[in-house]
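Colleague: Mind having a look at this structure? Questions to follow.
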Amino acid sequence: MGGHVLLTIFTLCMLCSGVRAQLSPGIYDKSCPYLVQIVRKQVTMALKAEIRMAASLIRLHFHDCFVNGCDASVLLDGADSEKLSIPNANSARGFEVVDTIKDAVENACPGVVSCADILTLAARESVYLITETFREG
């Protein structure tokens, strides 16, 4: 019975304690201040070459985050990787764009920004840029 009381008290304490999320849009403001500009520039170049790339980057983000959690596993190379799995092998596009973005970010901020965050930013910038394109034209 004593264990149940302790478990109940512990559970109540966890439920009542304040929780603060550590994620924020400005998480890289100090460690990689030009991150958004770098990603936006690379995505802009990709969309100028092929406007459908916006949808491809969003789809990559979907397959990474909403299927297995945002871990950038969809970007991994290998025979048994998500990238080459049957659903993705002939339909997922945009890997080369993400690789280009990763290279540009690594040149500016080596070892700072995660691949999952780069993929998320690429998808976000795709939405932003495609929305701007339709507003202007």
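When you line the sequence shown up against mature numbering (1 follows the signal peptide of the UniProt record, and there is no 0), it's residues -21 to -1, 1 to 116, in that order. The C-beta atom is built at its ideal place from N, Cα and C for all residues, glycine as well. As the structure is a prediction and not an experimental result, all values here were calculated from the model.
Rounded C-beta distance between Cys94 and Ala51? I'm assuming under 8 Å.
Modeller: Looking up residue 94 in the sequence shown gives position 115. Looking up residue 51 in the sequence shown gives position 72. Indeed, because the Cβ distance is near 4 Å, the residues count as touching under 8 Å.
Colleague: With a floor of 4 residues, list each alpha helix (DSSP H) that falls wholly inside the segment 5 to 58, ordered by position along the chain.
Modeller: 14 to 28, 32 to 47
Colleague: So, are the CB atoms of Ile80 and Gln16 less than 8 Å apart?
Modeller: Counting from 1 along the sequence shown, the entry for residue 80 is found at position 101. Counting from 1 along the sequence shown, the entry for residue 16 is found at position 37. No, they are not a contact pair.
Colleague: If you draw a straight line from the alpha carbon of Cys49 to that of Arg72, how long is it in whole angstroms?
Modeller: Here residue 49 corresponds to residue number 70 of the sequence shown, with the count starting at 1. Here residue 72 corresponds to residue number 93 of the sequence shown, with the count starting at 1. If I take the Cα positions, the gap works out to 18 Å.
Colleague: With a Cβ-Cβ cutoff of 8 Å, do Ala102 and His42 count as a contact?
Modeller: Here residue 102 corresponds to residue number 123 of the sequence shown, with the count starting at 1. Here residue 42 corresponds to residue number 63 of the sequence shown, with the count starting at 1. It is not a contact, given that the beta carbons lie outside the stated cut-off.
Colleague: Does DSSP classify Val84 as helix, strand or coil?
Modeller: Start at 1 with the first residue of the sequence shown, and residue 84 comes out as number 105. Residue state, collapsed to three classes: helix.
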